[in-house]
Structure formats: structure tokens, C-alpha cells
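Chains as they are written, first to last, in the working numbering: chain P, 4 to 251; chain V, 4 to 251; chain C, 4 to 251; chain X, 4 to 251; chain G, 4 to 251; chain Z, 4 to 251.
C-beta: ideal position from N, C-alpha, C; glycine also.
Here the structure is a predicted model, which is why all the values come from computation and not from measurement.
Below you'll find the structure, written out as C-alpha cells, and then a few comments.
6 protein chains.
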Amino acid sequence: MGVKLNVEKGRISTGINGLDELLNGGFPKGNITLISGTPGTGKTIICFQYIEEGIKNGENCLYISSDQLINDLINDANKLGFSFKSAIDSEQLKIIFLDLGRQNIHKEIEEEIKNGTYDRVVLDSLSPLTEAPIWMVNNGNEVIPSTNSMTTTTLPIESIQATRVHLRHILAILKEEKCTTLLTTEIPEGSRELSRDSVSEFLVDGIIILGLDTTMDRRKLTIRKMRGTKHTLKPMDIMITQGGIKLL
Amino acid sequence: MGVKLNVEKGRISTGINGLDELLNGGFPKGNITLISGTPGTGKTIICFQYIEEGIKNGENCLYISSDQLINDLINDANKLGFSFKSAIDSEQLKIIFLDLGRQNIHKEIEEEIKNGTYDRVVLDSLSPLTEAPIWMVNNGNEVIPSTNSMTTTTLPIESIQATRVHLRHILAILKEEKCTTLLTTEIPEGSRELSRDSVSEFLVDGIIILGLDTTMDRRKLTIRKMRGTKHTLKPMDIMITQGGIKLL
Amino acid sequence: MGVKLNVEKGRISTGINGLDELLNGGFPKGNITLISGTPGTGKTIICFQYIEEGIKNGENCLYISSDQLINDLINDANKLGFSFKSAIDSEQLKIIFLDLGRQNIHKEIEEEIKNGTYDRVVLDSLSPLTEAPIWMVNNGNEVIPSTNSMTTTTLPIESIQATRVHLRHILAILKEEKCTTLLTTEIPEGSRELSRDSVSEFLVDGIIILGLDTTMDRRKLTIRKMRGTKHTLKPMDIMITQGGIKLL
Amino acid sequence: MGVKLNVEKGRISTGINGLDELLNGGFPKGNITLISGTPGTGKTIICFQYIEEGIKNGENCLYISSDQLINDLINDANKLGFSFKSAIDSEQLKIIFLDLGRQNIHKEIEEEIKNGTYDRVVLDSLSPLTEAPIWMVNNGNEVIPSTNSMTTTTLPIESIQATRVHLRHILAILKEEKCTTLLTTEIPEGSRELSRDSVSEFLVDGIIILGLDTTMDRRKLTIRKMRGTKHTLKPMDIMITQGGIKLL
Amino acid sequence: MGVKLNVEKGRISTGINGLDELLNGGFPKGNITLISGTPGTGKTIICFQYIEEGIKNGENCLYISSDQLINDLINDANKLGFSFKSAIDSEQLKIIFLDLGRQNIHKEIEEEIKNGTYDRVVLDSLSPLTEAPIWMVNNGNEVIPSTNSMTTTTLPIESIQATRVHLRHILAILKEEKCTTLLTTEIPEGSRELSRDSVSEFLVDGIIILGLDTTMDRRKLTIRKMRGTKHTLKPMDIMITQGGIKLL
Amino acid sequence: MGVKLNVEKGRISTGINGLDELLNGGFPKGNITLISGTPGTGKTIICFQYIEEGIKNGENCLYISSDQLINDLINDANKLGFSFKSAIDSEQLKIIFLDLGRQNIHKEIEEEIKNGTYDRVVLDSLSPLTEAPIWMVNNGNEVIPSTNSMTTTTLPIESIQATRVHLRHILAILKEEKCTTLLTTEIPEGSRELSRDSVSEFLVDGIIILGLDTTMDRRKLTIRKMRGTKHTLKPMDIMITQGGIKLL
């Protein structure tokens, strides 16, 4: 494991060229920020840049991938100019692939975050986790997520209540361990919502929206929310090049 | 506990610079007002200002948080310039965190409000409470919320009927104890509704809407409804700075 | 009980300044009119004016409240300049609060209307009643609302069929007793419908829509339908002051 | 029963001033026409005019009402200038009120139409009938509506399949008895559909749409479809006066 | 049965004046084309013209009607100038009425098509067939439509999977017997979709859309898709007269 | 089997005239690209061109068809100028028809891809596969797709979770075998989404959208996303002729 650097003014540098200035130095330490966008807008690229920045600063980083296999992720990162292999070898970066079929993926994430000492965490993407069913036990006064398959009540798969339970669980662990986190979320094309589950955006500390305008062949980044920071709401022009996203 | 001040003309000062004038002095005493907005519009900040004003006036305040842990809340308030620690120590302010997993959260809120003597109450946010399931007992003539887990009929989680039962329950307790209350509600981006549950807005005494225009980089506050007060319907320009929201 | 006045030409004065002229003298006697509006548009205020007018004319009035407690209603009315206490004491006005938890609220309303001799009835609001579940008994040829809890078939809570059964029941009783009635209904913001249940508007004799334009800071009243009366469809400008709503 | 008149050119006069000319003399004999409209657009008034015309021509008429009680219907007709009492006494007109609670209302309609010799039939309105549940028997090769309460399969209340079964049943009987029929249907405000059930419009022979423009204080009638007739699609201006609807 | 004519260049003449030219001679032989439209746009009329053309060319034709009874169909056709009686008598045209209540209507269609030697087939309309329930047998590896009522798994009535099963079944039979087919589908007013089931349009070889503009009193025909044919996408003006639809 | 050619710079030529240049030489080797479009926009034609190009380069190709029978596919391809018969005879191209009724179609696809050595794979279309039900076994810690019919839990047919499980399964196999793949998806007319299932677009490496403008009689192709490639977002004009689609 590498040295844990102190960042000045309680800010975590974003790793995106031009963005730190808009955020008074970077993400507030310990903030959980949602990265929202329709397909192909650069959500995973932002995660790569964020992790790369952490590696540069000697911070411990965790990348939780729910859709891409570890090797595919490393290859995609390579093509964009990010080389993660050495950081993985030196154990400064750990990449986990979530098998959504398993019933206790929350436990897996929980244990990994508690046992490690992560400065930066990325969950790419959040959406599958919030869709997982919850097996509950009616335990006298409490209705709690079950640790085994013995259940009496099941919350339906797509209920807002189940989503909220999952989210609070994940966010609580991240807050407890003081990880500065990025969560990506899928926005279906044509939807005006800020996340697929329509609840995350109210629970996180920050929201960054990535968008694109095909007719004008342009890409945009908007800081929709960032607790503890005075920020503009104006959409910024960006481009995707080698090294990732940069503000124009 | 502090001294209970009498406010002139039955009005409770809002704590938001410029808003009292638009409301003939403030919220009518005992009114329940909905604070509606999409993510990042300043709902929680309005709650902080409201509580801070109560502390200044020596009133007893209760802050019920359903999403943020107590320490996170206090830290976020600090960053904006509100220091709640001394009021908590002197027991003038009490902050409660609701564990939504528990089956009897309504009882928890009910007892707290009845046992205390609160002038100002904040519930941030209302949305999770209205989504909770209701375990009902078919008791001859009545169908009542169950006090234990013995049930015969369950209202489906997302029925408007369940929402209405929850809301009436909470509002009844607040009215009975004459607490002047703010309830925050999440409005998903792109929705034109005034609350997530689409029922609250008809049952409360007042509605304040917070909005934002990213293209123009501006924020707005609108008084949508306030029983017992003649008010304008025009959206007001606001800004978020140290000390919270102020009308421009 | 007070004297039952005869109104000229079979019309019941509305109590709203400027509206009687648009309706050829008032509501046709025995008509049931829907008062529709989004939150804060003045639906309850119209009911107050209607009842106040009835009291002035010495008519027997019934106010059925499904959301507000009796005392809150009386207080709110006071603040607007309507004093109902003396009419309640002299039994000219009766206010009922509906406990929606009870299984037989329809019976309660039915008995009250049949036993009294009401000229004017207000149901504020209709929406919760149409959402109530129906316990049915499959009785050979007929499927009827159950008088006890023994049922064999239940219509789902939100089916249009259940709504229609409730509505026809209430309307039938009112028609039978020849009460000139106002029913308020909640329209969620952004909806173009004329009632929450989307059925009432086809079954009633009249519809009055209250609306507002926040940008222009204006309020409107539209007579959407009134059987037995030739009327304009144009929206009218109104304002809310002491004494209630008045057409400009 | 009255004399059965022969109408020239196989056309049935509509009874609406100005409409016969647009339809080459009137409705084709035996046609089933949908009268569609949002609330208060004059659907029931058109039915009154249609029946009145039949009475004038000495034809046998049947008015099936699903929402209004017989006396209320007669009174409403009186106010508009239609007097049905004598036709009822002479048995030239029969008015039936459908009790939607009964399980076999289709049988009731079926028997009435088969036993009578009706030239003109009005069903006001069609919507409740298409919403009724269907109790089916799985009878080897056939799935048929049950004549008693013993069932094995129930089509869910709001399925398009149940709607289609109801509609085909009613339409088949009317076609068999060669009744020239009007069916009214409710269109919720803001909907662009042509009926509440969204199936009727494809099965009937004709569709007439009634609409209104509140801002311009105008009413419109459009012939959307009329099999066997060449017609304009243009919306016509109309007004509602004593004697009913007339084209301007 | 009549003589089976060979059509040049593998094209089947449409029977609609002006349309063959736009399609390089007509429908490609064996193509299945969807005729889409809102109510009253002429779908059934196009079917009449198509069949009439087949009769003229001495081809064997099958008309499957799901909504109109055989006699009503023949009468409607007569009024437009198509006389089918002689073709029916000479067995060149067969008209079938589908009783949607029967459980095995697919079998009925399947047998009719296999046993006959049809050049042209019309199914008017497709929509009810795709809504029929499917009784399935879980047979080891396969889930197949049941030939009797013994089932273990039922696909819900309105699932896209059930629709796809029905469609593939019908289309497979038609392709196997090399019938050049028209299938009509209902598009609810205001919908932008190309069929009621939203799946057909992807499985057929061609789509023709019929539309109308009431304000301008005009009718349109658009060739949305036609495999094996280069065609314009532009909407064409059409009119309905004696003899059916003709392009202007 | 033919010779496996090495493509320069790890790119797979698309086979569409003008597209390779926009993609830096073609699809990145091993990429999975979604071909999205409403009906009749040319999705299957793009697949033909892609396969034809593979045959020309001596690559092994697999065409999985879920909607069209093998012979129909070959005939349609012939009409456009693609002759696949010789490639099939020489075993360079294999066409599979998926029988969606079978419970283990995933296994079928999985085995075919693993046993063959395919450079290019086409799945036309993806939509039916994502709609298939999943029979799951609750196996202690894991919930896995069942290999037989013994199940304890079934994910409902239209849940996003089931879709995601199917997709990950298919994509994992394709990635493992390093097949450069095209998946077609149906977009219902009027929808702004990029796939029928609204999940695929987030999991694939590339998205190409085909569209059309009927009023202007034009067709468009847009590269919405392509991992590992810098590309324009601008829609390109295209036409469909003999030989398929070509950019103008």
C-alpha cells in the first residue's frame, strides 16, 4: 500500500483538466458524487481519470465494476492512455468485478471497503445494485435485509423502498470509511431524470451530468450539485481525447 | 430547554433574508409548509436557516433527518456557517435520525413530538415516510395501522391510500402539538408535480418551491401556497451563500 | 334547524361575488358541481363562501371534511372572515370529519344525509373517498358493497370500477335527498385532467375549474360545465381576499 | 308500439340541425356510431335530439342509461326542451337504467333489444360496460362468459381482451336486430384518444367527436368516420341552445 | 378454384390506383405487409381493393375477419362498389369470421391456410390475435402452445413475449404457404407507434401507413417499409371514393 | 473453414461504404456494437454488408437470426445483391435460426460460439432474447439461471434485472471468444430510447443509430458511441441501394 497523502483544504483533486478550478480545488473530502449520463457520454472515462489522479497522489484506490470484466476495463483504460497494471501490482489500486447473480453483493462491497483503507472509490455503475431484490426478515420490530435465504417478506424488485434501502446501505458504509467516491448512473436517452433509480440524486453530496448534442457534434459537462461548494450551474463544453475528458 | 418566546401577530420568522416580508411577517404559527425542489436546490439549507432562527429566538427545535446521519448533518451545517453544537448541548435543539428499516418509525416521531415542547419542527425529508408499507389489522369496523406484526391485510407499498394514511398521521400529531413545521419533499427532475407522493401538497398549509435554471445559472424560490396569508405567486431570484439562501 | 327558504327560479346562489350572474342566478337546485384545482387555488375557500351564503339564507348546511379536522377548518374559516361557530351552535351548520380508516364511511355519509334535511352539502374533498377499497359480496346475481367484512371478491383498490361504484353511491344519495352539492377534487400539478379519479367529471352536473399562473401572478376561474344552464367557457380573472374569492 | 316508418335512401335522420346534410341524409340505417367527447361537450344532448327525432318519425326508441337515473334524465331533457313523458306513456320510448353492480347486465341489454323492435337505440354511456369484469368458463375448446358464478378463469378487469369481448357482444346484438345506434364514450381531458377503452373506435361504423375551446369560448363537432358515407373531416362550429345542438 | 396466374417479375398488383408504380409493380410475391392506421383511415378498404384485384386476376383469396361478421363485410364492400358474392359462390374467395372466444383460433387459421392454395390473404385485423392468452406446456426443454387446457405455465396476457409467439406463428404459416398477405393493425389516436402490439412492424416485410389531417380535410398514405423494393418515404395524398382509395 | 486474416491496426472493416473512414479503419477488434433503429431503417442490411465483408476477407462468420427463417434470410440477401450460399457451402458462414420457444436458447448460442472460431458474429435481433423469462434456482448464496426446469424463484418476465442477466451472459461469451459483433435492436417508433430493453446501450462498446425522415424522404446514420475510437456525433445522410447502405 502507498503513502496516504494529505490534500490541502480538504479537497480531492478530480483529475479532470479544468474541473478543479470550478470546484474550489476539487471534490470536498468524503463527498459522494453521482456521475450521470446517457450512453457514451464519458462516465467511465471520468472514473479512469479520477483513479489515475489518485494513483499519482499516492492514494489507495478501489474500482468496483458491475458491468465490465476486469481485463476489459484495463484494456479500455490502456487505449485511452491510462495504465493501471503497475498500480494493481503494487496494490495501490484494486479492481473488483461484481457478480450480480450473487445474493450478498452488498456484503462483498461492505467488507472490501471496511477492510481496506481507501481514499478514492469508484462504483461503475450504481444502477444494477439498486435494482437487486431484497430478501427481508420480519424480525419483531424490524424489517431487515436477510443474511440468508430464510425470509418472510420480500420487497418487490422495483419498489422505490428497496432502492432506498440499498442506497442508504452503500452510502452509509462509504461515509463511515470517509471514502471520496464517484458513482456512475445510467440515464436512458430522452429521460430528464438524473439517475435510473430517481432516488440517488437526493441522497448524494454531488451530481455531475455528462451530455451530448449530436446535431452540433458537441459534448457537455454540468455541475448540477456539490454540497459544501459554491459552483456555477452552466454547462461546460468538453472533449474526449487521449488522457480522457478535458474542459474547453 | 430554553424560554418559549411569543412571536408578534402569530407569525414565525422564516430565517430567510427577504422572505418574511413576502409572508406578512413569516409562517403563520402552527402552519405546516412543504419545501419542494429537485436535487441540489437548497431544501436542506432552508431547514438550517429555519432552525437557526428558532435557536436565535430561544425556541425549542426538532430536526428529524431521514437521509443524513446526525454528524454529517452537523458538518454540512458548519460548512455553511450554522453551528448547531451548542444548541444541541443546551438541549434547545434535538436532531433525530430515522432508521427507515424499523417498522414503527411513526411511533418514534409521534412520541418525540408529544413528549417534547417543540416550537419548530423540520422533517427532512418526508418522501421516505410516505413510501413505507403499512401493516393493517382488519378490526371489525376499522382498518387500523398495526402495532405489532400480526396483520390480516396489507395495503400495497405504493398505493395512494397508504400515502394518505401516513400523511394524515404525521400532520395530525404536528397540528395537535401546534408545531410550526417544514417538510421537505423530493421532486424528480423533469416532473411538474409538487411532491414525490402527489398528495402532500393538498394537505399542507403552505408550499414553497425551489428551482434552478442551469442555462442561465440562476436559482428561484416561489411561494406556491400559504393558508392565512396573502402572497405573491411570482418566482423570486435567490442565491446560496454563507449563511444560506437569500432573496435578491 | 332554521327555516327552509325558497329560492327564486330554482337557483341556489353561489356566494361568490360575480359568479351568480354567469350562471343565470346560481347553481340549478339539486345540481352536484365539481370544484377542481391544483393545490392552493382556493377550492376550500369556495366551499366556505357557499356555506356562508346558505347560512345567510337560513338554509341547512352540511360540511363533510375528509382532510382537515373540524377545529382547523373553523380556524381557517375565521382567518378569512367566515364565522361558523354560531351556525354550528344553532345547528344550522353541521361539520363532519371523515375518518378514512373506517371501513364504512359511505354508510356514515349516507345516514347523515338521509337523517338531516340539508339544502347545501359540501364534500371537501372527494378524492380520498374514491380511493377507498371496496369489500364486495358475490351474492348470486349481484356484487354488492359488503356491510361487514365477509367477502368473496375484492375489487382492486385503484380500479376504475371501484371508483365508479363509490361515486354512483354518493351521487345517488345526494340526488335522492335533493341536496345542492359541491365536491372538491385534487388535480396534481401538470395534469390536464379534471379530477384525480378521471371519472367524476362525467357523472356530475357541473364543473368549475380554479387555476393560477405564477409567472403572471394571476388566478382564474372557469365554468367548464353546468347542466341546465347556458354559460360562457372563458376563464375569468379572480382574486382571493378577506371574504374569499371574487371575480374581477 | 308505434308504426315503423321507412326512411328514404336507407338513411336515419340525426335530429341535429345541419348534420344530416353533411352525412348524405343522416346515419346509414343500422350503423353504430360512437359519440366521443370530454366532459360537458354535449354527448347526452345529441342523444336527446336523436331520440326526439325518432319519436317525431314514429320510430321505436330505446335509451339505455348507465349513469343517470331515469327521472333525472327526463328532467334534464325537459330543461332543454325535450319532453319524453308522452312517448314513454305511449310506449314509443323506453328508458332503462343499468345497475352496474349486477353481474349479468349484458343479458339485460341483450334481452331488451331482442324482445323489442327498436329502430333507434342509445347507450349513454358505453364506458362502464367495457370496464366490467368477465367471469369465464374454460370449457374444453371455448372460453365463454359465464352465466353463473362458477368460474375457473377470470380475465383481469382492465385487459384489452375483456373490453373486446364486451364490445363485440353488444355490437353483435345491435347489428343482428338492425338498430341504428349511438354509443357515448368518455374521453378524459387532455387525452387524444377517441374512446376511454381505445378499442370501440375501431369496431364501430361511425365516430362523431364533440370538443370545446375554452379560451375562444367555442364548441366543435367533427365527423371522424362514417362507413358508407363520403364526409368532410373538418371540425364544425356548433352551439348549445334550447332544442339542443345546432351547427353554425 | 380458379386458375393461378403468374405475375410478372414476382410482383403482386396492389389493386390501389397509383400505388403499383411506387412499388416497382406491386408487392413482392410472398411479402407480408402491415396496413397501419388510426380509426376510419381506410384500412379495410385497402383490403377490399387488394382482394378485388386478386379476383380479377383469377387468384385464390382468403379474407380473415376478426371484427366484422361475414354479411356485414359483404354489405360494406357492396356499398363501396366491390361485389364479392360471385367470387364466394365460385369459391375463388373465402371469408372467415374468427370467434375470438375460442381457444384454438390459431389452429383454425393454420389449417385453413394449409389446406387451401391461397395466393392472397388478408387478416383484418391482427390486433385481437396478438392479445390472445397463451396456454403453454412446460415440456422438458420446450415451452409450447398447448393443444388442450392442461397447462403448467401461462404467459401473462399482455406480455411482449406472448405477442411475439403469436406473431411468429402466424407469419411462419403464411411464409411457408407463400401467401402474399395484408395484415391490418389498429393505431390508437395520438400514438406514434406503427402497430398496437409494437412488435409486428419489426417482423413484417412491408408497412403502409394510412393517416388523416382533419383540419386540412386530407388523407395520406405512406410506404414506411417494403423489403425487396426501392421506394419513396414521402406521404402521398389520397382520397376515398367509389372503388376505394386512389392516390392523387 | 477459411483462413483467418489479420486486420491491420486491430480494426475490423465494417463493409459499409464511407463508414470505415469515420471509425479510424472500422470497428475495434472484439467490439460489440448495437445497431439501433425503428422499423425499415436498414438494420438487417447493415448486418448483410458486415457479413459479406467478412466473407471477402476470408473470416469465419456466424449469423444468428431470431425472427427470420434461414431461407427467407438468404432470399432477402439475394435480392439486395448478397449471395451467401457459397459461403454457407464452404462453411465459412453459418446461419442459425433461434427457436424462441425453447427454454435453453442461451445454451444454444453459447455452445455455437464456443465450438466455432468466429471472427464476425451478428445477432439479429437482440430484443427477443432479453425478453425471455429466467428460471432461477435459489442456491444458498447464489441465484443462478436454472439448467433444468426445477426452479424455486422466477424473475418476472419484464424486469430490468432479468434483462441485465441475459445481456451480461451473451456479452460475456462474445468477449471471451473475442468475436467482433453486431447486435440489432428494435426501437418502437416515437421512442427516444436507444434499444427496446433500455439497458444494452450502456453495456455495449458501440452504438450506431439508423433513422429516417419521411417528410424529407431521407435516411440517416449516426455513430452514437464507439469505445476506443474518436468519432463524430453528426448524423450522416445515407441511401439504400443494391449492395446495401452507403454514406452520401
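Exposed unless 16 or more other CB atoms sit within 10 angstroms - verdict on residue i
{"i": "G/Glu189", "result": "buried"}
{"i": "G/Leu251", "result": "exposed"}
{"i": "X/Gln245", "result": "exposed"}
{"i": "G/Ser93", "result": "exposed"}
{"i": "G/Pro238", "result": "buried"}
{"i": "Z/Glu62", "result": "buried"}
{"i": "X/Gly247", "result": "buried"}
{"i": "G/Asp200", "result": "buried"}
{"i": "P/Lys233", "result": "exposed"}
{"i": "P/Thr235", "result": "exposed"}
{"i": "X/Asp70", "result": "buried"}
{"i": "V/Glu145", "result": "Residue placement at V/Glu145 is poorly supported in this model, since its pLDDT is 35, which falls under 50; the coordinates still yield a value, given next. Label assigned to V/Glu145: exposed."}
{"i": "C/Glu134", "result": "buried"}
For residue j and residue i, believed in contact at Cβ under 8 Å, the rounded distance
{"i": "X/Val207", "j": "X/Ile35", "result": "5 Å"}
{"i": "V/Glu196", "j": "C/Gly193", "result": "6 Å"}
{"i": "X/Leu96", "j": "X/Tyr66", "result": "7 Å"}
Selected residue, minimal CA-CA separation from residue i, among the options
{"i": "C/Arg171", "options": "C/Leu26, C/Ile99, C/Leu132", "result": "C/Leu132"}
{"i": "X/Asn81", "options": "X/Glu55, X/Leu215, X/Asn27, X/Lys59", "result": "X/Glu55"}
{"i": "V/Leu215", "options": "V/Gly40, V/Lys249, V/Thr17", "result": "V/Gly40"}
{"i": "P/Ile249", "options": "P/Pro42, P/Leu224, P/Lys228, P/Tyr66", "result": "Checking the displayed sequence, the identity of residue 249 of chain P turns out to be Lys instead of Ile. Closest option to P/Lys249, Cα to Cα, is P/Leu224."}
{"i": "X/Ile99", "options": "X/Lys59, X/Ile73, X/Gly231", "result": "X/Ile73"}
{"i": "G/Asp240", "options": "G/Arg222, G/Leu186, G/Cys182", "result": "G/Arg222"}
{"i": "P/Cys182", "options": "P/Tyr121, P/Met242, P/Lys228", "result": "P/Tyr121"}
{"i": "V/Met229", "options": "C/Leu186, C/Leu83, C/Ser68, C/Leu37", "result": "C/Leu83"}
{"i": "P/Ala180", "options": "P/Asn118, P/His234, P/Pro191, P/Thr218", "result": "Here the sequence assigns Glu to residue 180 of chain P, which means Ala is not the residue at that position. That would be P/Asn118, whose Cα lies nearest to the Cα of P/Glu180."}
{"i": "X/Asn78", "options": "C/Ser198, C/Thr218, C/Thr217, C/Lys178", "result": "C/Lys178"}
{"i": "X/Thr17", "options": "X/Ile58, X/Gly43, X/Pro42", "result": "X/Ile58"}
{"i": "V/Ile173", "options": "V/Lys110, V/Ile212, V/Asp102", "result": "V/Lys110"}
{"i": "C/Glu114", "options": "C/Asp23, C/Asp75, C/Ile176", "result": "C/Ile176"}
{"i": "V/Gly209", "options": "C/Leu22, C/Gly21, C/Thr44, C/Asn20", "result": "C/Thr44"}
{"i": "G/Ser130", "options": "G/Met242, G/Ile243, G/His169, G/Ile116", "result": "G/His169"}
Where residue i meets chain C, residues with beta-carbon distance less than 7 Å
{"i": "X/Leu251", "result": "Per Cβ cutoff of 7 Å: no residues; X/Leu251 is ~15 Å from chain C at best."}
Interface residues of chain Z facing residue i [CB-CB closer than 7 Å]
{"i": "P/Pro191", "result": "Glu196, Ser201"}
Proximal residues of chain P, C-beta to C-beta of residue i below 9 Å
{"i": "Z/Phe100", "result": "None at all; the shortest Cβ gap to chain P is about 29 Å."}
Beta-carbon neighbours of residue i, restricted to chain Z and to distances below 8 Å
{"i": "P/Thr217", "result": "Thr225, Arg227, Leu236, Lys237, Pro238"}
Per-residue contacts from residue i into chain G (C-beta, under 9 Å)
{"i": "Z/Leu103", "result": "Gln164, Arg167, Val168, Arg171"}
{"i": "X/Glu204", "result": "Thr41, Pro42, Gly43, Glu189, Pro191, Glu192"}
Residues that residue i contacts on chain P, provided the C-beta gap is smaller than 7 Å
{"i": "V/Lys82", "result": "Gly231"}
{"i": "Z/Ile35", "result": "None at all; the shortest Cβ gap to chain P is about 10 Å."}
8 Å Cβ cut-off: residues of chain V touching residue i
{"i": "P/Lys178", "result": "Leu72, Asp75"}
Where residue i meets chain X, residues with beta-carbon distance less than 7 Å
{"i": "G/Asp220", "result": "Thr235, Leu236, Lys237"}
Residue i: contacting residues in chain Z (beta-carbon distance under 9 Å)
{"i": "G/Ile15", "result": "The premise fails here: G/Ile15 is roughly 15 Å from chain Z at the closest Cβ pair, so nothing lies under 9 Å."}
Stretch-stretch touch, CB-based, cutoff 8 Å, three pairs: the segment 49 to 56 of chain X with the segment 115 to 131 of chain X = Touching, yes.
Does the segment 24 to 31 of chain P come close enough to the segment 83 to 91 of chain P that 3 or more CB-CB pairs lie under 8 Å?
-> Here the segment 83 to 91 of chain P makes no contact with the segment 24 to 31 of chain P; the two share fewer than three CB pairs at distances below 8 Å.
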